[in-house]
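Chains as they are written, first to last, in our numbering: chain B, 33 to 385; chain H, 344 to 606.
Where is the CB? At the ideal position from N, CA and C, for every residue including glycine.
What follows is a set of notes on a single structure, which appears directly below.
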Amino acid sequence: MAFWIASSPHNHNHTKTPNLMRLVIYATLPGVLAQWYFFGWGNLIHIGLAMTTAIICEFTVLSLRKKPISHELFDGSAFLTALLLGICLPALAPWWITVIGTMFAIVIVKQLYGGLGHNPFNPAMAGYVMLLVSFPLQMTLWQPPLTLVAVDLNFSNTLTTILTGFTVEGYSVEQVRTSIDGITMATPLDTLKTNTGLGLTVLESIKSPVFGENLALGWEWVNAGFLLGGLFLISRKAIAWQTPVSFLLSLFICSFIGYSISPDSSASTMFHWFSGATMLGAFFILTDPVTGATSNKGRIVVGLLAGLLVYLIRTSGGYPDGVAFAILLCNMSAPLIDQYTRPRTYGHQKGDK
Amino acid sequence: MSNEIAPPNSNEADITDNIDEQEAAAVLKAELKAEYKELAIQGLWKNNPGLVQLLGLCPLLAVTSTVTNALGLGLATMLVLICSNITVSAIRHWVPKEIRIPIFVLIIAAFVTCVQLLMNAFTYGIYQSLGIFLPLIVTNCAIIGRAEAYASKNPIKQSAFDGLMMGSGFAIILILLGVIREILGQGTLFDGANLLLGDWASVLRIEVMQLDSQFLLAILPPGAFIAMGILIALKNAIDSHIKSKKVVDTEQVIERVRVNFDS
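If you want it as structure tokens, here you go:
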């Protein structure tokens, strides 16, 4: 009797790319719903636009590269990139921002480097950074939460604003963002940065209406939604827990040190966790299996580095939020980190080759 | 009999001599022509300093945000390249091998200084917008590369032609990058051409498309890297297309191996 001998791994996990991508897309739902509830239709419209553009770009490039179109077009990776980019964009940004960003992300960052699995940078974040660097004006048109906006931003109104730059009643985006007192409202992180620059203390700054009653009006719930989705992904073993845990821990430690040294000019640890793109970055972007580190130790190092970078960019950088930049820098250093955190092969002593 | 034969014989010899000389001259001329053609192909396409040698990338990427800047730097580089090639070629018999590099650098620096002073005098606007990259032509490896690789071994005429072709190859890439980046970044062409060419050139400015806001990426250095990468990819694609069109005659040589069991 002859036994069939196969090499390891003996126990297969039959997860295919489309299944994994679909799972991640479902996991973003709580965050996206929170975003819809607090900020209106803007991001959903951007997500739709980005997905349409992504499919068209992916189809064009795949047919130019003579790749199996039906196989790669519907593996969900392009949808996920478009979804993440759409979530990140300011809700009232003009439509061409989404189109240019998605085209850049899919065509240049992903496909020109060889498609899924070969891209050194996370496409969504590279697209976002490209937009942020190229169009600083449009990319800082953050819309305040709906409860603070005087104009009624229903679906058709948001759509016209995104397409033409004006609401149906003829208000410009700038007017929509202006509160009744005539002060332009920004994101909590942005407000905090400007105010600290003006010499105000954090306690004085957080009286601004964008901070709400807890940490950051609207943003805290969006982040909580992404945290929930992320925990779901970890429980399904779709992502490794090391990256988000070490990232959040590192951000916590950094902001705790900053807060204990000068509580007047630094925001609290929980504010750093629940504002901006912290949770989205921690669970959905930093955990990208293609661009992140591959060993467990490497993932921890990448997470720690990303947390430190986010804190440094937020407190002393030129931009209010630094998650995208931090993640791109970590993508860049991931191969090097992998090189030095290569796991020991079984049966070999430490230091052996 | 010998009397009869000798004159035509000598005549024939004369003719053959003449023909030989003419043939030799014709061969020489053809060789020279082939050399010039090769130089042109090498400079403009096969060995283009911008696309293939990737020399002088720093100015190539830094100043090509508009066509005018690219044109200014391209012309300056070409001028320096031609002059330095001529001079290096003219003194090639007297330069000791051991210290040739410092001598080449001195020659190039002298010409760059001339060009810089000229531009300072006549095209002050472009002189200012090129800034440090004008004096930095001294360190442009494309120039010293040609001095070392070609001009120091070949006669003046060919070296001058080589300088012209390499310079134009470099300038064409500069201008192409400038066109791409200016259209994407500002939506214009030849913006500020009057700084380089005089006041009449302000009519050259073309508004290709109306942009509400500048596409900063195209103007910033990362855009230059991306555009450069796409240009190189395009060149490689054209090359491989041409290669695949050519009929490849792969004559398979069949070697029979005699296996000798005795040995």
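With contacts defined as CB atoms closer than 7 Å, T420(H) and R524(H) fail to qualify as a contacting pair. Around C89(B), the same chain offers M135, I138 and V139 as residues with beta carbons nearer than 6 Å, after the five sequence neighbours per side are excluded. In the structure shown, E550(H) adopts extended strand secondary structure according to DSSP, grouped into three states. When rounded, the separation of the alpha-carbon atoms in G339(B) and A358(B) is 8 Å.
One alpha carbon belongs to G415(H), the other to F198(B), and they sit about 43 Å apart.
Contact note: S166(B) reaches chain H through F558, L559 and L560, using a C-beta cutoff of 7 Å and chain order. Within the same chain, and ignoring the five residues on either side of P498(H) in sequence, the residues whose Cβ sits closer than 7 Å to its Cβ are S432. Leaving aside the five residues that flank I37(B) on each side, none in its chain has a CB nearer than 8 Å to its CB. With a threshold of 16 other beta carbon atoms within 10 Å, K500(H) falls short and is exposed. The beta carbon of D320(B) sits closer than 7 Å to those of N154, all from its chain and outside the five residues before and after it, given in chain order.
Bridge partners of L532(H) according to DSSP: I549(H). For the options S95(B), F71(B), L164(B) and F316(B), the alpha carbon positioned closest to that of L52(B) is the one of F316(B).
As for any alpha helix (DSSP H) of minimum length 4 sitting wholly inside the stretch 190-255 of chain B, the runs are 205-209, 220-230 and 234-237, ordered along the chain. Apart from the 5 residues on each side of it in sequence, V131(B) sits with its Cβ closer than 6 Å to the Cβ of T85 in its chain, given in chain order. Here the C-alpha atom of E201(B) lies approximately 9 Å from the C-alpha atom of V183(B). As the crow flies, the alpha-carbon of R54(B) is around 19 Å from that of A314(B).
Residue state for S511(H) is assigned as helix, using DSSP reduced to three classes. The three-state secondary structure of H304(B), taken from DSSP, is helix. Under the three-state reduction of DSSP output, K380(H) falls in the helix class. Chain H places no beta carbon closer than 7 Å to that of M311(B), leaving this residue out of the contacts.
Taking the Cβ atoms as the reference, Y351(B) lies roughly 15 Å from H304(B), outside the contact range of under 8 Å. Interface criterion met: the Cβ of M162(B) is under 7 Å from a Cβ in chain H.
Where L397(H) is concerned, there is no enclosing alpha helix (DSSP H), because DSSP gives it neither an H nor an E. For the options L195(B), N189(B) and Q170(B), the alpha carbon positioned closest to that of F558(H) is the one of Q170(B). Between W68(B) and P122(B), the gap from beta carbon to beta carbon reaches 7 Å or more.
The stretch 146-162 of chain B and the stretch 104-120 of chain B touch, with no fewer than 3 CB-CB distances between them shorter than 8 Å.
Sequence-ordered contacts of the stretch 102-133 of chain B with chain H are nonexistent [C-beta pairs closer than 7 Å]. Two segments are said to touch when three or more pairs of C-beta atoms, one from each, lie closer than 8 Å; by this definition the stretch 508-518 of chain H does not touch the stretch 429-444 of chain H.
For the C-beta of L563(H), the chain B residues within less than 9 Å are, from N- to C-terminus, V165 and S166. Note that the C-beta distance between L539(H) and I486(H) is not below 7 Å.
When the beta-carbon positions are compared, G510(H) and L424(H) come within less than 7 Å of each other. In chain order, I140 make up the part of chain B whose C-beta sits under 8 Å from the C-beta of I569(H).
Contact between V205(B) and T193(B) holds, with the beta-carbon distance rounding to 6 Å and staying under 8 Å.
The criterion of a C-beta distance shorter than 7 Å is satisfied by D296(B) and T233(B).
Across the stretch 166-190 of chain B, CB contacts with chain H closer than 9 Å involve S166, F167, P168, L169 and Q170, in sequence order along the chain.
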